[in-house]
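Chains as they are written, first to last, in my numbering: chain G, 12 to 248; chain E, 12 to 248.
To start, the structure under review is shown below, and the notes come after it.
Protein chains: 2
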Amino acid sequence: SIVAVVNSFFKRLYERSQLPLSGKKVVVTAGGTVERIDPVRYISNDSSGKMGFALAKAAHELGADVTLLAANTHLPLPAGIRVVHLESAQEMYDAVLAEWSVTDILVKAAAVADYRAKEVSDRKIKKSGETLTLELVKNIDILESLGKQKTKQLLIGFAAETNDLEKYAMDKLQRKNCDLLIANDVTREGAGFGTDTNLVNIYDTTGLIESLPLLSKEELGMRIMELAAARLPGAQE
Amino acid sequence: SIVAVVNSFFKRLYERSQLPLSGKKVVVTAGGTVERIDPVRYISNDSSGKMGFALAKAAHELGADVTLLAANTHLPLPAGIRVVHLESAQEMYDAVLAEWSVTDILVKAAAVADYRAKEVSDRKIKKSGETLTLELVKNIDILESLGKQKTKQLLIGFAAETNDLEKYAMDKLQRKNCDLLIANDVTREGAGFGTDTNLVNIYDTTGLIESLPLLSKEELGMRIMELAAARLPGAQE
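Next comes the structure, spelled out in structure tokens:
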């Protein structure tokens, strides 16, 4: 009957309003930024976007209003999540800032290029000499910039390292004013780019808080969003 | 009955033996090569591999034994075709050469990087100065090298240009000793990288032979393979 349908709708609405991230805005960045060299060539990295997509799905399951900012991903789009496709670090920064004032949790899972080409050719560069020198300039550091602008936002960063994991992770967390830092050694089996699993340590300002076993990116996404939810102002202990 | 199944099998085998490319070996390269900068970063280009995959499917439909050499593609794998995944220009060259002596038609649809990083770091390069200079060195020119080693092989190249299409196309065809050169202006709507359609001119050593309308990459793949089949030694006019 129509009454049962309406009741069921409001029941689901009520249940969703009771979830750990109900009424919260979560922004997740995913994938690897693309920095153009010319109209057909670019510099990018191996980030597949799987970790960011898993985080966005977990945040949605926990009741949040989620925006996923995706660069160079080739994954099926998750249901119920607003996805914005973009390319460069600058576009990523602009998109994050556009949502910043209403963001409760920002998870920067994207691998954002540290450098971009100093000059982007508007024509395909023709092959010429035996060598070519590409001048790169530093991109804005999105996480560092957000760390300085933080008011209520919980800021979660990632560190993909090939050596000296803890040293780089704690250094990054402090320099960038993150609340949580998820660090993985991408040289370890099952960790890092393109895989369906991840093997991470999680740090907060006090140091290592979790050293997780090999988990699927879905399981890890849920664990991270649960940790984040528990750290929001007013969260029940 | 078993007799009917066996008859049907031999009928299909016979029919396949009568196709325009029956008994012919076709090698198609597809996608955009990936040139490493360090374990997580690379230089690549916008080639999606769609044109190469369509060419491989067309060659298979015309009866050929097909090998598809794919770099940085995210497409569903076509049935009945041997696919080899690889990354760099050097790996592409090695893979093409491994099949060269038995190849009848080589279609180089992949966008192969002209340059690679002079030094590939075995550790992730840490961000440091405001600028970074990337020294690149020229890759081997696969098409030119094959053009010099041609015996029986029909060599088909592509040119993706943003300006002066015919000039660059004829120049490339002659310098690289191609039999057919498929040229598109990637700035035109519906042409080029990532699209499902393409808009090309086809050249041989005498000049322009076909100026095709906007076609799906499947239609264009079939047209190119038909043109190629007609140019093989012993092809019926």
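We put the beta carbon where it would ideally sit given N, CA and C, even for glycine.
CA-to-CA, the gap between Leu231 of chain E and Lys149 of chain E works out to about 31 Å. As a beta-bridge residue in DSSP terms, Ala171 of chain E pairs with E:Asn195. Along the region 38-69 of chain G, the positions whose C-beta sits under 7 Å from a C-beta of chain E are Pro50, Val51, Arg52, Tyr53, Ile54, Ser55, Asn56, Asp57, read in chain order.
DSSP, reduced to helix, strand and coil, places His85 of chain E outside both helices and strands of the structure shown, so it counts as coil. Interface annotation, Leu143 of chain E: in contact with chain G, CB-CB separation under 8 Å. By a beta-carbon distance limit of 8 Å, Gly60 of chain G contacts Leu86 of chain G. Their separation comes to about 5 Å. At a cut-off of 3 residues, the continuous stretches assigned as beta strand (DSSP E) that sit fully inside the region 23-106 of chain G are 36-42, 52-56, 76-82, 93-97. Along the length of the region 135-166 of chain E, whole beta strand (DSSP E) runs at least 3 residues long occupy 142-149, reported in chain order. Around the Cβ of Ala241 of chain E, a 10 Å sphere holds fewer than 16 other Cβ atoms; the residue is exposed.
In the DSSP assignment, Ala128 of chain G falls outside any alpha helix (DSSP H) and within the unbroken beta strand (DSSP E) covering 126-128. By the Cβ-count criterion, Thr142 of chain G is exposed, with fewer than 16 other Cβ atoms from all chains shown falling within 10 Å of its own Cβ. About 13 Å separates the Cβ atoms of Ile213 of chain G and Leu66 of chain G, ruling out a contact at the 8 Å cut-off. Residues of the region 116-127 of chain E whose Cβ lies closer than 9 Å to any Cβ of chain G, in chain order: Ala122, Ala124, Asp125, Tyr126. Scanning its chain for C-beta atoms nearer than 8 Å, with the 5 sequence neighbours on each side dropped, one finds around Pro89 of chain G the residues Phe64, Ala67, Lys68, His71, Leu79, in chain order. The C-beta distance from Thr173 of chain G to Val197 of chain G rounds to 6 Å, short enough to fall under 8 Å. Glu146 of chain G belongs to the set of residues whose beta carbon lies under 8 Å from a beta carbon in chain E. Boundaries of the beta strand (DSSP E) around Glu221 of chain G: 218-222. The C-beta distance from Leu238 of chain G to Leu191 of chain G rounds to 6 Å, short enough to meet the 8 Å contact threshold.
Around Tyr126 of chain G, the same chain offers Leu147, Val148, Lys149, Asn150 as residues with beta carbons nearer than 7 Å, after the five sequence neighbours per side are excluded. A Cβ of chain E is located within less than 8 Å of the beta carbon of Thr173 of chain G. Val123 of chain E sits in coil when the DSSP states are folded into three classes, being neither helix nor strand. When C-alpha distances from Gly205 of chain E are compared across E:Arg47, E:Tyr25, E:Asp57, E:Leu30, the shortest belongs to E:Asp57. In the three-state reduction of the DSSP assignment, Asp215 of chain G falls in the strand class, which pools E and B.
Residues of chain G whose Cβ lies closer than 7 Å to the Cβ of Val16 of chain E do not exist, since the nearest Cβ in that chain is about 39 Å away. The Cβ atoms of Leu145 of chain E and Ala128 of chain E lie closer than 8 Å to each other.
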